[in-house]
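The block underneath contains the structure these notes are about, expressed in structure tokens.
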Amino acid sequence: MPKTKIPMLKTPETSSQPQSMQSVPLQEEPVMAKAATRLIAMLYDGMLILAMLFFVQMLLIVLGTKLLGLAGTDMKQAATLPLWYRNVVQIPAFVIILVGFYGVFWRKAGQTLGMQTWRLKTMNRDGSLLSWRQSMMRILAACLLPVVCGMIGYLIHQSVGALYFSMFIGLLFNYWFAWVNKQGLALHDLLSNTVTMKMPKINHEGLFAGFRKK
1 MPKTKIPMLK TPETSSQPQS MQSVPLQEEP VMAKAATRLI AMLYDGMLIL AMLFFVQMLL
61 IVLGTKLLGL AGTDMKQAAT LPLWYRNVVQ IPAFVIILVG FYGVFWRKAG QTLGMQTWRL
121 KTMNRDGSLL SWRQSMMRIL AACLLPVVCG MIGYLIHQSV GALYFSMFIG LLFNYWFAWV
181 NKQGLALHDL LSNTVTMKMP KINHEGLFAG FRKK
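Oh and the sequence shown: position 8 is 8 in UniProt numbering, straight run, nothing missing.
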């Protein structure tokens, strides 16, 4: 399994460089990714995931209305689908998409499309890529606090809006923890014993190079 070395950060030597180059510091080693950068990358991925969920939602609505003999084939028919269909078919499908998206990319390349844009890479502390088990543990760890906050918010206010807002606050807290943590580790980094690094531009292979090695 390919490994990425995570050495101690070093101060670049500039004595032998021209004065014009000394004023432009280069990142020579992987460094811990900042919380803000990780949130931006997650926003990029979120737009892609939403597009995938919308497509699957449309497909499942069409299939459900046809197979169950309901009239109509558009988004409005989602309200007429039986509760069991939504709980047994639609919601599990959305969970599979979310878990599969991050699991496959982390396992194969260590980064998603959004992470590639910002040269971020998720890996073990020794630099190796995550296994399927480790990917699942990281996803569950990332979802733990949002789910707990969402349940508390819903129990207090008894509304779906409070549920989603509380889950969002829990998600932000994961990265707020990285901001105040001296090592820059998010809460789910600690729980899953993994790290997300910002890779040097000169050594950054990119997403598809990682897939081609498999």
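Note that CB positions come from ideal geometry on N, CA and C, so glycine has one too. As the structure is a computational prediction, the values presented were derived from the model and not from experiment.
query: Those residues which DSSP pairs with Met32 across a bridge; result: Met197
query: Pair within 8 Å by beta-carbon distance, Leu145 and Asn174; result: yes
query: Ala141 vs Leu191 beta-carbon contact at 8 Å; result: yes
query: Buried versus exposed, by CB contacts within 10 Å (16 or more), Thr122; result: buried
query: Inter-stretch contact (C-beta, 8 Å, three-pair minimum) for the segment 148-156 and the segment 116-136; result: no
query: Cβ-Cβ distance between Leu48 and Leu113 below 8 Å; result: yes
query: Alpha-carbon spacing of Val31 relative to Asp45, whole angstroms; result: 21 Å
query: Close-in-space but distant-in-sequence residues of the same chain around Arg38 (CB under 7 Å, 5 per side omitted); result: Leu120, Tyr175 and Thr196
query: Candidates Pro82, Trp118, Met52 and Leu81, of which the one nearest Phe94 by Cα; result: Met52
query: Among Asn87, Ala35, Arg125 and Glu29, the one whose alpha carbon lies nearest that of Gln57; result: Asn87
query: Neighbourhood of Val99 by C-beta distance below 6 Å, restricted to the same chain and skipping five residues each side; result: Ile139
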